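Taking it in order: structure first as structure tokens, then the write-up.
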Amino acid sequence: NAGVTQTPKFRILKIGQSMTLQCTQDMNHNYMYWYRQDPGMGLKLIYYSVGAGITDKGEVPNGYNVSRSTTEDFPLRLELAAPSQTSVYFCASSYSYNSPLHFGNGTRLTVT
Amino acid sequence: AQKVTQAQTEISVVEKEDVTLDCVYETRDTTYYLFWYKQPPSGELVFLIRRNSFDEQNEISGRYSWNFQKSTSSFNFTITASQVVDSAVYFCALSEVYSTAGNKLTFGGGTRVLVKP
Numbered sequence: 014n015a016g017v018t019q020t021p022k023f024r025i026l027k028i029g030q031s032m033t034l035q036c037t038q039d040m041n042h043n044y045m046y047w048y049r050q051d052p053g054m055g056l057k058l059i060y061y062s063v064g065a066g067i068t069d070k071g072e073v074p075n076g077y078n079v080s081r082s083t084t085e086d087f088p089l090r091l092e093l094a095a096p097s098q099t100s101v102y103f104c105a106s107s108y109s110y111n112s113p114l115h116f117g118n119g120t121r122l123t124v125t
Numbered sequence: 010a011q012k013v014t015q016a017q018t019e020i021s022v023v024e025k026e027d028v029t030l031d032c033v034y035e036t037r038d039t040t041y042y043l044f045w046y047k048q049p050p051s052g053e054l055v056f057l058i059r060r061n062s063f064d065e066q067n068e069i070s071g072r073y074s075w076n077f078q079k080s081t082s083s084f085n086f087t088i089t090a091s092q093v094v095d096s097a098v099y100f101c102a103l104s105e106v107y108s109t110a111g112n113k114l115t116f117g118g119g120t121r122v123l124v125k126p
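So the sequences go chain by chain: G and Z. So for the first sequence, this note's numbering puts the first residue at 14; every next one is plus one. So for the second sequence, this note's numbering puts the first residue at 10; every next one is plus one.
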């Protein structure tokens, strides 16, 4: 019973590099989300998806892209990494629009 | 716009003391959900409770209890007889609930609870 799995757990990027944060869930949830958590702060929504092929921006989408080709996977792409993107990234999924979110364990990203 | 405020950034207590975490929210929606999540030192987010805006009954689950007061837009969380394992950051969150947009959460800034033995 894996739930929501995120890889990698940690990553250090140089300014201008790009990378993809992977997120997969095995609960057949339609709804998936990406949040970022800056030090000492709450989480902010980056992007979300209500089903395969459908994505939309959250509160802080600049500098990121997502895709949702399957129900299980919801990767987050960082192009041209910047120090302001240093954060912990959480992927989450939910069964329906009013269900609690199940979170992955997070990816800690440092951009230097 | 929605907003969640957790005015207490850190609370330190001695084991077995009770601790209450405050949460105040702002929304123009008439239908919404409120949540509490726990983030232990290991970093994962653990769901504790969901409450909808039409249900103002208080809830108790073991040593945890929640007091929802719509009149004051508050959803406070009390840990009774705290234990060291309760040491964590606790987040209050609010969701707008639209079937086309999913359960998008607005989080408060969190309250760090430190329970000393």
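Backbone N, C-alpha and C define an ideal beta-carbon position, used for all residues, glycine too. The structure presented is a predicted model; accordingly, all values stated were derived computationally and were not measured.
On the three-state DSSP scale, how would you describe residue i?
{"i": "residue 81 (chain Z)", "result": "helix"}
{"i": "residue 63 (chain G)", "result": "strand"}
{"i": "residue 97 (chain G)", "result": "helix"}
{"i": "residue 73 (chain G)", "result": "coil"}
{"i": "residue 95 (chain Z)", "result": "helix"}
{"i": "residue 149 (chain G)", "result": "The displayed coordinates of chain G run from 14 to 125. Any statement about residue 149 (chain G) would go beyond what the structure contains."}
{"i": "residue 36 (chain Z)", "result": "coil"}
{"i": "residue 28 (chain G)", "result": "coil"}
{"i": "residue 130 (chain Z)", "result": "The displayed coordinates of chain Z run from 10 to 126. Any statement about residue 130 (chain Z) would go beyond what the structure contains."}
{"i": "residue 54 (chain Z)", "result": "coil"}
{"i": "residue 10 (chain Z)", "result": "coil"}
{"i": "residue 105 (chain Z)", "result": "strand"}
{"i": "residue 125 (chain G)", "result": "coil"}
Run through chain Z and tell me which residues come within less than 8 Å of residue i, C-beta to C-beta.
{"i": "residue 89 (chain G)", "result": "Here the premise fails: no neighbours, minimum Cβ distance about 16 Å."}
{"i": "residue 44 (chain G)", "result": "111 and 112"}
In terms of DSSP beta bridges, what is residue i paired with?
{"i": "residue 20 (chain Z)", "result": "Z:122"}
{"i": "residue 106 (chain G)", "result": "G:45 and G:115"}
{"i": "residue 68 (chain G)", "result": "Per DSSP, none; premise fails for residue 68 (chain G)."}
{"i": "residue 61 (chain Z)", "result": "Z:42"}
Distance check for residue j and residue i, CA to CA, integer angstroms please.
{"i": "residue 62 (chain G)", "j": "residue 36 (chain G)", "result": "13 Å"}
{"i": "residue 37 (chain Z)", "j": "residue 10 (chain Z)", "result": "8 Å"}
{"i": "residue 56 (chain Z)", "j": "residue 86 (chain G)", "result": "22 Å"}
{"i": "residue 83 (chain G)", "j": "residue 114 (chain Z)", "result": "23 Å"}
{"i": "residue 100 (chain Z)", "j": "residue 30 (chain G)", "result": "32 Å"}
{"i": "residue 41 (chain Z)", "j": "residue 51 (chain Z)", "result": "30 Å"}
{"i": "residue 69 (chain G)", "j": "residue 61 (chain Z)", "result": "25 Å"}
{"i": "residue 40 (chain G)", "j": "residue 112 (chain G)", "result": "13 Å"}
{"i": "residue 26 (chain Z)", "j": "residue 125 (chain G)", "result": "43 Å"}
{"i": "residue 114 (chain G)", "j": "residue 27 (chain G)", "result": "32 Å"}
{"i": "residue 32 (chain G)", "j": "residue 87 (chain Z)", "result": "41 Å"}
{"i": "residue 77 (chain Z)", "j": "residue 104 (chain Z)", "result": "15 Å"}
{"i": "residue 18 (chain G)", "j": "residue 102 (chain Z)", "result": "22 Å"}
{"i": "residue 58 (chain G)", "j": "residue 24 (chain Z)", "result": "35 Å"}
{"i": "residue 124 (chain Z)", "j": "residue 47 (chain Z)", "result": "14 Å"}
{"i": "residue 23 (chain G)", "j": "residue 80 (chain Z)", "result": "43 Å"}
{"i": "residue 74 (chain G)", "j": "residue 96 (chain Z)", "result": "32 Å"}
{"i": "residue 50 (chain G)", "j": "residue 65 (chain G)", "result": "25 Å"}
{"i": "residue 88 (chain G)", "j": "residue 15 (chain G)", "result": "17 Å"}
{"i": "residue 29 (chain Z)", "j": "residue 97 (chain G)", "result": "34 Å"}
{"i": "residue 31 (chain Z)", "j": "residue 82 (chain Z)", "result": "11 Å"}
{"i": "residue 22 (chain Z)", "j": "residue 66 (chain Z)", "result": "27 Å"}
In chain G, which residues lie with their C-beta within 9 Å of the C-beta of residue i?
{"i": "residue 71 (chain Z)", "result": "Ordered by position in chain G, no residue passes the 9 Å Cβ test against residue 71 (chain Z), which lies about 18 Å from the chain."}
{"i": "residue 84 (chain Z)", "result": "Going along chain G, no residue has its Cβ under 9 Å from residue 84 (chain Z), so there is no contact; the nearest lies around 15 Å."}
{"i": "residue 99 (chain Z)", "result": "Neighbours of residue 99 (chain Z) on chain G: none; closest Cβ ~11 Å, over 9 Å."}
{"i": "residue 106 (chain Z)", "result": "110 and 111"}
{"i": "residue 56 (chain Z)", "result": "113, 114, 115 and 116"}
{"i": "residue 34 (chain Z)", "result": "Under the 9 Å cutoff, chain G gives no residues; its nearest Cβ is about 12 Å from residue 34 (chain Z)."}
Could you list which residues in chain G have their beta carbon closer than 8 Å to that of residue i, in chain order?
{"i": "residue 59 (chain Z)", "result": "113"}
What whole-angstrom Cβ distance do residue i and residue j have, given they're in contact under 8 Å?
{"i": "residue 89 (chain Z)", "j": "residue 74 (chain Z)", "result": "7 Å"}
{"i": "residue 120 (chain G)", "j": "residue 21 (chain G)", "result": "6 Å"}
{"i": "residue 76 (chain G)", "j": "residue 105 (chain G)", "result": "Contact flag wrong, Cβ pair sits at about 20 Å."}
{"i": "residue 101 (chain G)", "j": "residue 90 (chain G)", "result": "No, residue 101 (chain G) and residue 90 (chain G) are not in contact; Cβ-Cβ is about 17 Å, not under 8 Å."}
Along chain Z, in chain order, which residues have C-beta atoms closer than 7 Å to that of residue i?
{"i": "residue 54 (chain G)", "result": "118"}
{"i": "residue 118 (chain G)", "result": "52 and 53"}
Which chain Z residues sit within Cβ distance under 9 Å of residue i?
{"i": "residue 60 (chain G)", "result": "Per Cβ cutoff of 9 Å: no residues; residue 60 (chain G) is ~11 Å from chain Z at best."}
{"i": "residue 107 (chain G)", "result": "111 and 112"}
{"i": "residue 73 (chain G)", "result": "Under the 9 Å cutoff, chain Z gives no residues; its nearest Cβ is about 12 Å from residue 73 (chain G)."}
Sorry if obvious, but does the Cβ on residue i come closer than 7 Å to a heavy atom of the ligand COA?
{"i": "residue 67 (chain Z)", "result": "No copy of the ligand COA appears in this structure; indeed no ligand is present at all."}
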